[in-house]
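Here is the structure we will look at, set down as structure tokens.
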Amino acid sequence: MSGQLRALLRLFAVQGAWNYERMLGVGMGYASEPLLEDLKRADPQRHSEAVVRSAEFFNCNPNLAGLALGAEVRAEYDGAPGAQVARLRIALCSPLGALGDQLFWAGLVPALVGLALAGVALGAGLWAILGFLLGYNAVRLYTAQWALRTGLAAGIEIGAAISRSWIPKAAAAIGPAAGFGVGFAVPLVATWFLAPFPARAALGALGLTALGLGAGYVGGARYGALRYALAAVLMTLLVRLVLR
Amino acid sequence: MIPPEPATLVALLAWGTLVGLDLVSVAQTMIARPLVAGGVAGLLLGDVGAGLRVGALIELFALDVLPVGAARYPDYGPPTVAATALAAGGPWELTLGLAGTIALIGAVLGGWSLQLLRRSNAAAIQDATAALAAGESSAIRRLQYAGIGRDALRSTLLTAVVIAGAAGAALLPLDRATAAALTVVVVGIGLAAALGGAVRSAGRGRRRRWLIAGLAVGTVTAMVVWR
């Protein structure tokens, strides 16, 4: 197995030792090991320094970590000064975090989850889930190999390579799809769940939805849905106990 | 709740472990999404419908979460697997509310366990500072494998604890009206969670217009399908 393929596989566990001190740092060190093997033979001293740098603090969206990993390894082989490699690493944290989160966590995932929820509500069953997994992982696998390849090709010029690439455009374009996907799913799931109940109960549920939206709007994260749900369940049990 | 056979219990624990690992540590293939975790758990229990209902319900809450950077968030996956065992085999209108509640409590526990895991990983790194500073690749590998091992243990324990909680909850003397009321309440708030998350993410631009368009198309589709 080539070093690049081993590094790609290891990138799928880049958050394996995630912590508040180095965040993805150790995972990046782990993923870079197969790529740095040739450097060990050519320049053991440089290799040792590169291994130390590879496991230092780093954070970004895990799906785009290959861009930073490839760029950093290429810079090590090109003999860039250690301080410059370290600066490159830190400089990439914010843009790769913001782009990746926008593209994946706030874009592709809600868009596809919304479609899968709608599919389940419309009776597609496990096929909807299979479609979601295949769709997401196809994009994700393509992105991971593209990111590592692009990083290795660009090295210290990675910033320009990212801004020329499809990533910023895709991150901007996926937002509306996510909005549509979730918006499409909510009425279908609501009807799927509430249709068998009497109209009074269904209206009560929608009243709670409106109340929850209002509480979230006014109170923000303090009145998160999870707390609100657990409090409402407790209230329901108390009221039912009194009525009994 | 039908008490699962020992083999099914082992399968649920194994699935809960994979789901827990998938959230952060390994792969992130999205099997940790409640819809997937619940659907497969339903398949293992022989009641796919129950798994899909529990998964869809908890997915509404999970849509409110943006797992970015160092954010703290609940872990919905393994509790969804465990709560499906509570809903399986019964009429969903009466089991979904309690199963959903157990999954939500489990998700809080799961979020707390993630903090413990992260602190534990940080402590291990502190202990290995000298080896890391010396550029020892073997130290990096050890830290990585130990971190994944700790997360696997966390996920297994979380699934087991929530299954035990579900077994205890199954003994609660709930009458039909109360059980149905719980379902209605949790569904109502789940819808608020999903919509609230979508509205917050949408901001004021193009995405909000597409959200409104999606709501309109979804409403019309629901009216046609459930006419």
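Sequences listed follow chains G and V, in order. In terms of numbering that gives the first Met the number 0, the first sequence is residues 0 to 243. In terms of numbering that gives the first Met the number 0, the second sequence is residues 0 to 226. Glycine included, C-beta positions come from ideal geometry on N, C-alpha and C.
8 Å is my cut-off, CB to CB: does residue i come that close to chain G?
i      : result
V/D21  : no
V/G187 : yes
V/I57  : no
V/V25  : yes
V/T220 : yes
V/T155 : no
V/L103 : yes
V/W14  : no
V/V183 : yes
V/R205 : yes
V/L17  : no
V/A98  : no
V/V223 : no
V/L190 : yes
V/R175 : no
V/L51  : yes
V/T7   : no
V/A201 : yes
V/L194 : yes
V/V107 : yes
List the residues that DSSP assigns as beta-bridge partners of residue i.
i      : result
G/A103 : The question names Ala, but residue 103 of chain G is Phe in the sequence shown. DSSP output for G/F103 lists no bridge partner at all.
G/M22  : G/F57
Give the C-beta separation of residue i and residue j to the nearest angstrom, bearing in mind that I take them to be a contact with Cβ-Cβ under 8 Å.
i      : j      : result
G/V25  : V/I57  : Going by Cβ atoms, the distance from G/V25 to V/I57 rounds to 31 Å, so no, they are not a contact pair.
V/R141 : V/S119 : Actually they do not touch by this definition, with Cβ atoms about 14 Å apart.
V/L108 : V/L97  : Between V/L97 and V/L108 the Cβ distance is about 17 Å, and since that is not below 8 Å, they are no contact.
V/A121 : G/E20  : 5 Å
G/A49  : G/L23  : Not quite, the Cβ-Cβ distance comes to about 17 Å (not below 8 Å), so this is no contact.
V/I124 : G/N18  : 6 Å
CB-CB under 7 Å to residue i, same chain, minus the five flanking residues each way: which ones, in chain order?
i      : result
V/R153 : G19, S112, L116
V/A106 : P73, D74, Y75, P78
V/T28  : D21
G/V84  : R52, E71, A74, E75
V/A70  : none
G/G81  : E48, R52
Within the same chain, show all residues whose beta-carbon is closer than 6 Å to that of residue i, passing over the 5 residues directly before and after it, in chain order.
i      : result
G/Q177 : In the sequence as presented, Gln is not what sits at residue 177 of chain G; that position holds Ala. For G/A177, where only same-chain residues beyond five positions count, the Cβ hits under 6 Å are G106, P109, A110.
V/F60  : G189, A192
G/A120 : L187, V188, W191
G/A170 : L98, Q101, L102
G/A146 : L63, G65, L66
Any beta carbon of chain V sitting closer than 8 Å to that of residue i?
i      : result
G/A90  : no
G/V50  : yes
G/D37  : no
G/G180 : yes
G/Y248 : What is shown of chain G runs 0 to 243, which leaves residue 248 of chain G out entirely.
What residues in its chain sit with their C-beta under 8 Å from that of residue i, if we drop five residues either side in the sequence?
i      : result
V/T155 : L12, G15, T16, G19
V/I228 : The question about residue 228 of chain V has no answer, for chain V in this structure spans 0 to 226.
V/L210 : A197, V198, A201
Margin query: Residues of the stretch 111-145 of chain V in Cβ contact with chain G at a cutoff of 7 Å, in chain order, please.
Written below: R117, N120, A121, I124, L131, A132, G134, S136, I139, R140, L142, Q143
Item checked: Interface positions of the stretch 63-93 of chain V facing chain G (Cβ-Cβ less than 8 Å), listed along the chain -> D63, L65, P66, V67, G68, A69, P73, E92
Note to self: Using a Cβ-Cβ cutoff of 9 Å, what residues of the stretch 207-219 of chain V are near chain G? List them in chain order.
What the structure shows: R207, R208, W209, L210, I211, A212, G213, L214, A215, V216, G217, T218, V219
Next item on the list: Quick one: which residues of the stretch 73-84 of chain G get their C-beta closer than 9 Å to a C-beta of chain V? List them in chain order.
Entry: none
Next item on the list: Taking only beta carbons into account, state which residues of the stretch 155-172 of chain G come closer than 8 Å to chain V, listed in chain order.
Entry: none
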